[in-house]
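S.K.: So that we are looking at the same thing, I have put the structure below in structure tokens.
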Amino acid sequence: MNLGNNDSLSPLCLTRKPYWLLAICGFMRPSDIAQLDNACTTIRDSILHLVVIAPKEKRLGRCIERSIAIKPHNNGLLCPVLTYQSYKSRIAPSTCIHQHPTIAHIQIHRLIRDIQSYIVPINDKRISNLIRYINNMIPCPQGIPRPKARALGPTFALEVGASVDDILAHGSWRSSTVFDTFYCLSRRTANNFSNSALPVSSGPLNTQQESLKNEG
3 MNLGNNDSLS
13 PLCLTRKPYW
23 LLAICGFMRP
33 SDIAQLDNAC
43 TTIRDSILHL
53 VVIAPKEKRL
63 GRCIERSIAI
73 KPHNNGLLCP
83 VLTYQSYKSR
93 IAPSTCIHQH
103 PTIAHIQIHR
113 LIRDIQSYIV
123 PINDKRISNL
133 IRYINNMIPC
143 PQGIPRPKAR
153 ALGPTFALEV
163 GASVDDILAH
173 GSWRSSTVFD
183 TFYCLSRRTA
193 NNFSNSALPV
203 SSGPLNTQQE
213 SLKNEG
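Read in order, the letters of the sequence shown correspond to residues 3 to 218 in my numbering.
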């Protein structure tokens, strides 16, 4: 399994990679990624600032905007900020204004595009399939269910020392109960998957040689 250099990735591979990294590093659902408003996206001090318009979370029964800040990864080939920049320049350089996926009267600048037509957005089900393609290539320990990327990200963060409060804030979870019940993997699972998913140097996700293959 190989994530490769952004500049050499095919359009399909460069589509899968940022979705997976956003799910892992931003604790984002496929629906969150589909609802990003690219007009609100900025990069300040090397930090990627994203805004999800009307995610599933609500405040007092009303729709909200969820702000997400993602810092760069030390390994450039696993860096969500650099990958976003490559995706934006190659796949989404033009404006793509469409209605919100679930709220028809809201118009947003859609970031996520169809690789067959860069002016057409895609839905959360297709985003989910693209994320799953990479997740399925991570070696899965026998007898352990394969976690979703949104569960793998915060669990990995917990394992390397992030505080529960910071994780709850980043994932917009109201309480640790929700995180523990739905998104926090067991310690054994976390150890097995985190080492495979985001290695420091090399491993099952080999980032040093060539691009993703078997694009099917």
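Don't be surprised by glycine CBs; every beta carbon is placed ideally from N, CA and C. Predicted, not measured: the structure shown is a model, and the values here were computed from it.
Once DSSP output is grouped into helix, strand and coil, what is the label at residue 94?
M.R.: Within the sequence shown, numbered from 1, the residue matching residue 94 stands at position 92. In the structure shown, residue 94 sits in coil (DSSP, three-state: anything other than H, G, I, E or B).
S.K.: Output needed for residue 66: all residues of its chain with C-beta closer than 8 Å, excluding positions within five of it in sequence on either side, in chain order.
M.R.: The residue given as residue 66 occupies position 64 in the sequence shown. The answer, listed in chain order, is 56, 57, 59 and 60.
S.K.: Secondary structure at residue 146, three-state DSSP: helix, strand or coil?
M.R.: For the purposes of this step, residue 146 is taken as the residue at position 144 of the sequence shown. Correct three-state label for residue 146: coil.
S.K.: Can you say whether residue 54 is buried or exposed, counting buried as having 16 or more other CB atoms within 10 angstroms of its CB?
M.R.: If you number the sequence shown from 1, residue 54 lands on position 52. Residue 54 comes out buried.
S.K.: Tell me, please, whether the stretch 81-94 touches the stretch 43-53 by the rule of three or more beta-carbon pairs shorter than 8 Å.
M.R.: Contact holds: three or more Cβ-Cβ distances are below 8 Å.
S.K.: Quick one: what's got a C-beta closer than 7 Å to residue 152's C-beta in the same chain, skipping five residues either side?
M.R.: Residue mapping note: residue 152 aligns to position 150 of the sequence shown, counting from 1. Excluding positions up to five away in sequence, the list reads 25, 29, 30, 31 and 185.
S.K.: What does DSSP give as the partner residue(s) for residue 44 in the beta ladder?
M.R.: On the sequence shown, residue 44 is found 42 positions in, with the first residue counted as 1. Residue 44 is bridged to 51.
S.K.: Would you kindly report the start and end of the unbroken alpha helix (DSSP H) that includes residue 129?
M.R.: Indexing the sequence shown from 1 puts residue 129 at position 127. Counting along the chain, the alpha helix (DSSP H) containing residue 129 begins and ends at 126-137.
S.K.: Relative to the alpha-carbon of residue 73, which residue among 177, 44 and 6 has its alpha-carbon at the smallest distance?
M.R.: Mapped onto the sequence shown, residue 73 falls at position 71. When only C-alpha atoms are compared, the closest one is 44.
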